[in-house]
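Participant: Quick one: the structure is below, and I'll ask about it shortly.
There are 2 protein chains.
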Amino acid sequence: MLNTQEILDRMSEKGLRITDQRRTLAKLFAETDGYLSPKDVYEYMGRQYSGLSFDTVYRNLRVMHELGVLEQIVFEDGMKFRVHCAAGEHHHHMICLQCEKTYPIHFCPMPMTDVPGSFQVVKHKFEVFGYCETCQREDHPLKSGGNE
Amino acid sequence: MLNTQEILDRMSEKGLRITDQRRTLAKLFAETDGYLSPKDVYEYMGRQYSGLSFDTVYRNLRVMHELGVLEQIVFEDGMKFRVHCAAGEHHHHMICLQCEKTYPIHFCPMPMTDVPGSFQVVKHKFEVFGYCETCQREDHPLKSGGNE
DNA sequence: CTACATGCAAAGTATTTGCATTGCA
DNA sequence: TGCAATGCAAATACTTTGCATGTAG
Chain A
507 MLNTQEILDR MSEKGLRITD QRRTLAKLFA ETDGYLSPKD VYEYMGRQYS
557 GLSFDTVYRN LRVMHELGVL EQIVFEDGMK FRVHCAAGEH HHHMICLQCE
607 KTYPIHFCPM PMTDVPGSFQ VVKHKFEVFG YCETCQREDH PLKSGGNE
Chain B
507 MLNTQEILDR MSEKGLRITD QRRTLAKLFA ETDGYLSPKD VYEYMGRQYS
557 GLSFDTVYRN LRVMHELGVL EQIVFEDGMK FRVHCAAGEH HHHMICLQCE
607 KTYPIHFCPM PMTDVPGSFQ VVKHKFEVFG YCETCQREDH PLKSGGNE
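Chains as they are written, first to last, in this note's numbering: chain A, 507 to 654; chain B, 507 to 654.
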């Protein structure tokens, strides 16, 4: 998983300017295990940048996603972001429905899935949802995170 | 997969009233293989009901989802609905990125996935995205459907 | 200095709610 | 006939865009 400096380097390489706000954003994502919604980010950033506007948050999330430093996934309650997992190691995730932290699953079902030759596979998704050890000790208010 | 009458019966059992509009909705979903967005539904229904309003479509989709006759899934471009797959046969789907039709995969990776005992599994998702035979013959304009 | 980043305001889109009217059961 | 379903209008998110100003490089 990328650290703060790696995120900034990556952005800088691609010609993006490193502003104070982007430095904070990079740090926030580097230090967060789970997913963050634009609102989460806005609220966190807002504590340090009084005049912060939502559109800047959205713009930065979008560029960082396009640039590949962030992953974007759509939960039932909206889109969320997290740092991109290090490239090269294909894996899937267990996602906690409570805290939304993710844990890697290195097993990939794809090779043993029997897909008819007539279907041209582009990508796949395998996600396991539940409650992580920490959250099991606490209560589980109903919260959604995915399907089936 | 439920047919028109089964959908209506199910709704009627639960105390919902069978209006003309709901009859058409049931038929639409019973005869559609892929996913439909609220907008798709609105446009289709609008051809037969001139004064149709969007909120009624949303309300009916919601009720039918809560009732279990429709499945709701969130794509990157919004939520979509389809008839609920017949109960009892656990399976996953291949989803065409072009036409959004789905094809069953009876293989389930869950039993062979090594989940630490400390993680309490609630549900899982395994989806394969690509292009179905029919759509491969045509062009593939960029279209989104899921992650990873 | 120049081009990109930001804040502000406003526009878009998607979805939900309140209320009066209509119509199924 | 009574209560749920509908249409209409307006409210509420959520996200994007245009433009003037500020600032990294």
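C-beta atoms are modelled at their ideal positions from N, C-alpha and C, and glycine is treated no differently.
Taking the C-alpha atoms as reference points, what is the distance between residue 509 of chain B and residue 528 of chain B?
Facilitator: Translated into the one-based positions of the second sequence, residue 509 of chain B becomes position 3. Translated into the one-based positions of the second sequence, residue 528 of chain B becomes position 22. Near 14 Å, if we compare the C-alpha coordinates of residue 528 of chain B and residue 509 of chain B.
Participant: Report the three-state DSSP secondary structure of residue 652 of chain B (helix, strand or coil).
Facilitator: As a first step, residue 652 of chain B must be located in the second sequence, where it is residue number 146. Any reading at residue 652 of chain B must be qualified, since the residue scores a pLDDT of 37, below 50, and its modelled position is unreliable; the value itself is stated next. In this structure, residue 652 of chain B counts as coil in the three-state DSSP scheme.
Participant: Secondary structure at residue 638 of chain A, three-state DSSP: helix, strand or coil?
Facilitator: Here the question's residue 638 of chain A lines up with position 132 in the first sequence. Looking at residue 638 of chain A - three-state DSSP - the assignment turns out to be coil, as it is neither helix nor strand.
Participant: Around the C-beta of residue 521 of chain B, are 16 or more other C-beta atoms found within 10 angstroms, so that it is buried, or is it exposed?
Facilitator: Counting from one through the second sequence, the residue named residue 521 of chain B turns up at place 15. By the 10 Å Cβ count, residue 521 of chain B comes out exposed.
Participant: Within its chain, find whatever has a CB closer than 7 Å to the CB of residue 550 of chain A; leave out the 5 residues flanking it on each side and keep chain order.
Facilitator: Position 44 of the first sequence holds residue 550 of chain A. Cβ within range, chain order: 534.
Participant: If we ignore side chains and look at the alpha-carbon of each, how far apart do residue 641 of chain A and residue 623 of chain B end up?
Facilitator: Within the first sequence, the letter at position 135 stands for residue 641 of chain A. Within the second sequence, the letter at position 117 stands for residue 623 of chain B. Cα to Cα, the separation comes out at about 14 Å.
Participant: For residue 513 of chain A, report the span of its alpha helix (DSSP H) as first-last.
Facilitator: The sequence position of residue 513 of chain A within the first sequence is 7, counting from 1. Note, residue 513 of chain A: alpha helix (DSSP H), 510-519.
Participant: So what does DSSP say about residue 578 of chain A, is it helix, strand or coil?
Facilitator: Counted from its first residue, the first sequence places residue 578 of chain A at position 72. Residue 578 of chain A: strand per DSSP, three-state reduction.
Participant: Give the straight-line distance between the Cα atoms of residue 565 of chain A and residue 515 of chain B, rounded to the nearest whole angstrom.
Facilitator: Along the first sequence, one-based indexing puts residue 565 of chain A at 59. Along the second sequence, one-based indexing puts residue 515 of chain B at 9. Each residue's alpha carbon lies about 48 Å from the other.
Participant: Between the Cα of residue 621 of chain B and those of A:633, A:586 and A:581, spot the shortest distance and give me the residue it belongs to.
Facilitator: In the second sequence, residue 621 of chain B corresponds to position 115, counting from 1. Of the candidates A:633, A:586 and A:581, the one whose C-alpha sits nearest the C-alpha of residue 621 of chain B is A:633.
Participant: Does the count of Cβ pairs from the stretch 537-557 of chain B and the stretch 586-600 of chain B closer than 8 Å reach three?
Facilitator: Yes: at least three Cβ pairs fall under 8 Å.
Participant: Kindly list the residues whose CB is nearer than 6 Å to the CB of residue 560 of chain A, restricted to its own chain and excluding five residues on each side of it in sequence; keep chain order.
Facilitator: Position 54 of the first sequence holds residue 560 of chain A. These residues qualify, in order along the chain: 548.
Participant: At the level of alpha carbons, what is the spacing between residue 577 of chain B and residue 532 of chain A?
Facilitator: For this step, residue 577 of chain B is matched to residue 71 along the second sequence. For this step, residue 532 of chain A is matched to residue 26 along the first sequence. The straight-line gap from Cα to Cα measures roughly 37 Å.
Participant: Are residue 658 of chain A and residue 604 of chain A touching if we call contact CB-CB under 9 Å?
Facilitator: Missing from the structure shown is residue 658 of chain A; chain A here goes from 507 to 654 and no further.
Participant: Assuming the contact rule is C-beta atoms closer than 8 Å, residue 626 of chain B and residue 636 of chain A should be a hit. Round their C-beta distance to whole Å, please.
Facilitator: Here residue 626 of chain B corresponds to residue number 120 of the second sequence, with the count starting at 1. Here residue 636 of chain A corresponds to residue number 130 of the first sequence, with the count starting at 1. Between residue 636 of chain A and residue 626 of chain B the Cβ distance is about 5 Å, and since that is below 8 Å, they are a contact.
Participant: So residue 544 of chain B is in the alpha helix (DSSP H); what residue range does that whole segment cover?
Facilitator: Mapped onto the second sequence, residue 544 of chain B falls at position 38. Element bounds for residue 544 of chain B: 544-552.
Participant: Return the residue from the list B:555, B:513, B:519 and B:537 that minimises the CA-CA distance to residue 526 of chain B.
Facilitator: Walking along the second sequence from the start, residue 526 of chain B turns up at place 20. Residue 526 of chain B has its Cα closest to that of B:555, out of B:555, B:513, B:519 and B:537.
Participant: Measuring alpha carbon to alpha carbon, tell me which residue in A:574, A:616 and A:582 is nearest residue 629 of chain A.
Facilitator: Translated into the one-based positions of the first sequence, residue 629 of chain A becomes position 123. Among A:574, A:616 and A:582, the Cα nearest to that of residue 629 of chain A belongs to A:616.
Participant: Determine the closest residue to residue 619 of chain B out of A:607, A:598 and A:608, with distance taken between C-alpha atoms.
Facilitator: In the second sequence, residue 619 of chain B corresponds to position 113, counting from 1. When only C-alpha atoms are compared, the closest one is A:598.
Participant: Within its chain, find whatever has a CB closer than 7 Å to the CB of residue 530 of chain A; leave out the 5 residues flanking it on each side and keep chain order.
Facilitator: Along the first sequence, read from residue 1 onward, the residue named residue 530 of chain A stands at position 24. Around residue 530 of chain A: 551 and 554.
Participant: Taking 9 Å as the threshold (C-beta atoms), are residue 591 of chain B and residue 610 of chain B in contact?
Facilitator: Translated into positions along the second sequence, residue 610 of chain B becomes position 104. Translated into positions along the second sequence, residue 591 of chain B becomes position 85. Yes, Cβ-Cβ distance for residue 610 of chain B and residue 591 of chain B is below 9 Å.
Participant: Taking CB distances under 9 Å as the criterion, tell me whether residue 648 of chain B reaches chain A.
Facilitator: The residue you call residue 648 of chain B lines up with position 142 of the second sequence. Because residue 648 of chain B carries a pLDDT of 46, less than 50, the predicted location of this residue cannot be relied on, and the following value inherits that uncertainty. By this cut-off, residue 648 of chain B is not an interface position.
Participant: Less than 9 Å between the C-beta atoms of residue 608 of chain B and residue 614 of chain B, yes or no?
Facilitator: The residue given as residue 608 of chain B occupies position 102 in the second sequence. The residue given as residue 614 of chain B occupies position 108 in the second sequence. The answer is no: Cβ separation not under 9 Å.
Participant: What are the boundary residues of the alpha helix (DSSP H) that includes residue 609 of chain A?
Facilitator: Within the first sequence, residue 609 of chain A is the residue found at index 103, counting from 1. Note, residue 609 of chain A: premise wrong, no alpha helix (DSSP H); beta strand (DSSP E) at 608-611.
Participant: Using the beta-carbon of each residue, which ones in chain B are nearer than 7 Å to residue 620 of chain A?
Facilitator: Taking the first residue of the first sequence as 1, we reach residue 620 of chain A at position 114. Those are 613, listed as they occur along chain B.
Participant: Can you tell me which residues form a DSSP beta bridge with residue 627 of chain A?
Facilitator: Taking the first residue of the first sequence as 1, we reach residue 627 of chain A at position 121. Partner(s): B:636.
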